[in-house]
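Number of protein chains: 2
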Amino acid sequence: MVEQDFLATEFETRVENAQRAMHHEGLDALLFTSEAEMRYFTGFRTLFWQSPTRPWFLVLPLVGKPIAIIPEIGAELMRTTWIDDIRTWSSPAPRDDGISLLVEALQNSNKIGIPMGRESTLRMPLKDFEHLRQRLRNSMLVDCSDLINSQRMTKSTAEIAIISEICTIASASFANAANLFFEGQSLKAVFRSFRMDLLAQGADDVPYLVGGAGQGGYKDVISPPRDTPLRSGDVLMLDTGATRKGYYCDFDRNFAIGHAGEAAKSAYTKLHTAIDAAMRITRPGITCGELYKTIAHKLDGLEQGGAIGRFGHGLGMQLTEAPSIINFDDTVLREGMVLTLEPSIAVCDDKIMVHEENIVVQDGPPLLLSKRAPPELPVL
Amino acid sequence: MVEQDFLATEFETRVENAQRAMHHEGLDALLFTSEAEMRYFTGFRTLFWQSPTRPWFLVLPLVGKPIAIIPEIGAELMRTTWIDDIRTWSSPAPRDDGISLLVEALQNSNKIGIPMGRESTLRMPLKDFEHLRQRLRNSMLVDCSDLINSQRMTKSTAEIAIISEICTIASASFANAANLFFEGQSLKAVFRSFRMDLLAQGADDVPYLVGGAGQGGYKDVISPPRDTPLRSGDVLMLDTGATRKGYYCDFDRNFAIGHAGEAAKSAYTKLHTAIDAAMRITRPGITCGELYKTIAHKLDGLEQGGAIGRFGHGLGMQLTEAPSIINFDDTVLREGMVLTLEPSIAVCDDKIMVHEENIVVQDGPPLLLSKRAPPELPVL
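Quick mapping for you: the protein sequence lines, in order, are chains A and B.
Here the first sequence stands for residues 1027 to 1406, numbered as in our numbering.
Here the second sequence stands for residues 1027 to 1406, numbered as in our numbering.
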């Protein structure tokens, strides 16, 4: 038996929960084309999704285990999971890249759910999808984004344990900042050194690392590094989505290089206070919109979601997942949701600052997964 | 001026070439939703695509520069590129996540190309796409996969220089194998140590690292590592897609641990010879299908594409790109194409072996970008 990320019971529970929701909505099958859902229901984990060449399909029937309809290259790995029904074809195929197998698996389903809403992607060629739709013209294809997002939002104890592990690893690397970063170092060298430290601390991978540095703040929070050296008075921000067993952490840290200016110190404190306020009200039962408004209020409406558009989001198998901490998201928080709290603020001129922490919603105050940032802007 | 991966002339040429093809096919605009095409025409490079929350759009009109229609969070980074026309909205949005901006940009286009064919993905919610299609019902939406794939297949001198850099880096890490890997080491530790070495040698990132180890060969070529320790007689294979400025290498190496068995040695030699044979005939003018047949012939039809389904593929901004070295791909090789040659073979029982090299097609023998693997299975 090849070592797996989860026990089979984890997947059984996921499937049962989905099938209960399917029954409720009168769905006969769900069809998924994307990595996260494939992994969520099967445990199939590979970086091979980096290759866009082949489509991969998962059919979840109303009763029974999921059916994997996948390129032959994935069969061996899929056989190590809890899945029994694995249907393969030699892909890439000249004409029929899995479509006939899909039709066969779905032809007796009247109502089929496919993610079509917010945060979803169709990871198969549109032409093949049109062809599939034509061949399944007697079935109704409906959106199941809410069904799957709602289920995935609440994490199991086993999932939380893994996310907690990767948050602890990233916290250790951030705690090592004084040994890693220094005035004169190029931002590229900063990134390289931080990536290597994350791996050394136990991260499996670092799929996401962005950041910025500038006098008093930074202009941008999604850029790759440049050759620009760190200067005294810079605020350096690093935001990392490192992974463990395919689960992400997602939080950032700010550091002043040499010395910190007043505007930066004050912005930092304001953001720290906003996270405190958010932590105080985060409980099962409140909505994402309420959480958003609390944070916005603490920031004096200075940058209400600003360029980033929201003050946090769900976290798990993807760097960002539903829900959004934004005024229009009325998702009610439930125990077991893993969230990022991510307020941002204008510092001065065109500079901004962002803080981020990772938490689990639970009965009582939320559990911090990231080691809380210090209350004052640390100077390196 | 913020440092860029390419000069503006590189993007001007890409746009001119695309517009020439558009003119030829009577297309008024192209619409892209995915990372590779956005970066190809704008230079916009960020790991933020890891977040599935927001859609990103690029419109390429028949005349003039591309129009970026993107979430506000990307505006600052987009402004550092050569793009002038940047239209943004605060995303995620409660209802209209960029669709009205898209409609406005496309409403005067009669015939709009969207990638819908092989290797393409629709990176926006299907519901939003249906809505867009409805609002553009007076326009014709057609597949432009061939147009864009055909153009991207041929790399510029500047692109080849970057791919060559990352191939040199990965070659240096593989050359370091004897210092990194040892009997008793867990496969997880092997991966970690190799990732760190790639970063130390100058890779920006290691988005892809897969491999396997087993007595005489391995069963699978896309798996993440397990805790299993390397044993004497194992063949260890690592296949990496490390990146530099967002461009990939993609090749593997095989190593015997302690000693090599006869079946493994013989399979290794056969694969090495197959690559030699492929190199000898790789020239502008031959087709991918012909290249496939040459390799298959050298392998005595032992594993004709096998589970992997093909003997190589294009390489560039994505780990795998068009074309495919497979019997049905009649793409004619052109100067400047960067390819992987990747024959695979059955060793014994259920074990396989794969070799991979990266080359540039040119007038004369192809240029090796990866340092050629030794002709005999190296023993660590």
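Glycine is no exception: its CB is placed at the ideal position from the N, C-alpha and C atoms.
Q: Compute the beta-carbon to beta-carbon distance between A:S1212 and A:D1253, rounded to the nearest angstrom, for a pair I have assumed lies under 8 Å.
A: 5 Å
Q: Taking 8 Å as the cut-off, decide whether the C-beta atoms of A:P1118 and B:G1335 are in contact.
A: yes
Q. Residue ranges of each beta strand (DSSP E) run of no fewer than 3 residues wholly in the segment 1232-1290 of chain B, ordered along the chain?
A. 1260-1270 and 1277-1282
Q | Chain-ordered chain B contacts of A:D1246 [CB-CB under 8 Å] | A | E1102 and L1103
Q. Quick one: is B:H1323 buried, meaning 16 or more other Cβ sit within 10 Å of its Cβ, or exposed?
A. exposed
Q) Shortest alpha-carbon distance to A:N1136 belongs to which of A:A1187, A:P1087, A:I1188 and A:P1400? A) A:P1087
Q | Status (buried if at least 16 other CB within 10 Å, exposed otherwise) for A:H1050 | A | exposed
Q. Under 8 Å, do B:I1189 and B:L1394 count as touching if we go by C-beta distance?
A. no
Q: Measuring alpha carbon to alpha carbon, tell me which of A:D1223, A:T1194, A:C1193 and A:I1195 ends up nearest A:F1207.
A: A:D1223
Q.
Which residues in chain B have a C-beta closer than 7 Å to the C-beta of A:Q1076? List them in chain order.
A. P1233, Y1234, G1267 and L1345
Q: Enumerate in chain order the residues of its own chain whose CB-to-CB distance from B:A1101 is below 8 Å, with the five nearest sequence positions on each side excluded.
A: I1112 and T1114
Q: May I have the straight-line CA-CA distance separating A:M1179 from A:P1092, to the nearest angstrom?
A: 20 Å
Q.
So for B:I1385, helix, strand or coil by DSSP?
A. strand
Q. At a CB-CB cut-off below 7 Å, which residues of chain B make contact with A:G1069?
A. Result: empty, since nearest Cβ-Cβ is about 11 Å, beyond 7 Å.
Q) Relative to the alpha-carbon of B:C1193, which residue among B:E1130, B:A1293, B:T1079 and B:D1278 has its alpha-carbon at the smallest distance? A) B:D1278
Q: Evaluate contact between the segment 1233-1245 of chain A and the segment 1260-1275 of chain A, counting only Cβ atoms and requiring at least three cross-stretch pairs below 8 Å.
A: yes
Q. In chain C, what lies closer than 8 Å to A:H1381 by C-beta?
A. In the displayed structure, chain C is absent; the protein chains listed are A and B.
Q.
Can you find the residues in the same chain that come closer than 7 Å, C-beta to C-beta, to A:A1034, ignoring five residues on each side of it along the sequence?
A. W1108
Q) Measuring CA to CA, which of A:M1379, A:L1127 and A:S1199 is closest to A:R1161? A) A:L1127
Q: Confirm, please, whether the CB-CB distance from B:G1340 to B:Y1274 is below 8 Å.
A: no
Q: Classify A:T1320 as helix, strand or coil using the three-state DSSP reduction.
A: helix
Q. Can you tell me where the alpha helix (DSSP H) with B:M1048 in it begins and where it stops?
A. A1034 to E1051
**Q.** Segments assigned alpha helix (DSSP H), at least 4 residues, entirely inside the segment 1127-1193 of chain B
**A.** 1152-1161 and 1171-1179
Q) Closer than 7 Å, Cβ to any Cβ of chain B: which residues of the segment 1158-1186 of chain A, in chain order? A) D1169
Q) Which class does B:D1111 belong to by DSSP, given the choice of helix, strand or coil? A) strand
Q | Proximity below 8 Å, CB of A:L1057 to CB of A:I1138 | A | yes
Q. For A:H1381 versus A:P1369, is the C-beta distance shorter than 8 Å?
A. yes
Q. So, do the segment 1034-1044 of chain B and the segment 1301-1321 of chain A have three or more beta carbon pairs nearer to each other than 8 Å?
A. no
Q: Indicate whether A:L1403 and A:K1291 have their beta-carbon atoms separated by less than 8 Å.
A: yes
Q | Beta-ladder partner(s) of A:K1377, from DSSP | A | A:C1374
Q) Which residues, in order along the segment 1347-1362 of chain A, keep a beta-carbon less than 7 Å from a beta-carbon of chain B? A) S1350, I1352 and F1354
Q. Going by other Cβ atoms of all chains shown within 10 Å of its Cβ, with 16 needed for buried, is B:P1401 buried or exposed?
A. exposed
Q.
Comparing C-alpha positions only, which one of A:L1325, A:K1214, A:Q1241 and A:D1110 sits nearest to A:D1375?
A. A:Q1241
Q) Which of the three DSSP states, helix, strand or coil, is assigned to A:V1216? A) helix
Q.
Counting only beta-carbon separations shorter than 8 Å, does A:K1153 have a partner in chain B?
A. yes
Q | Local Cβ density within 10 Å of B:D1326, reported as buried at 16 or more and exposed below that | A | exposed
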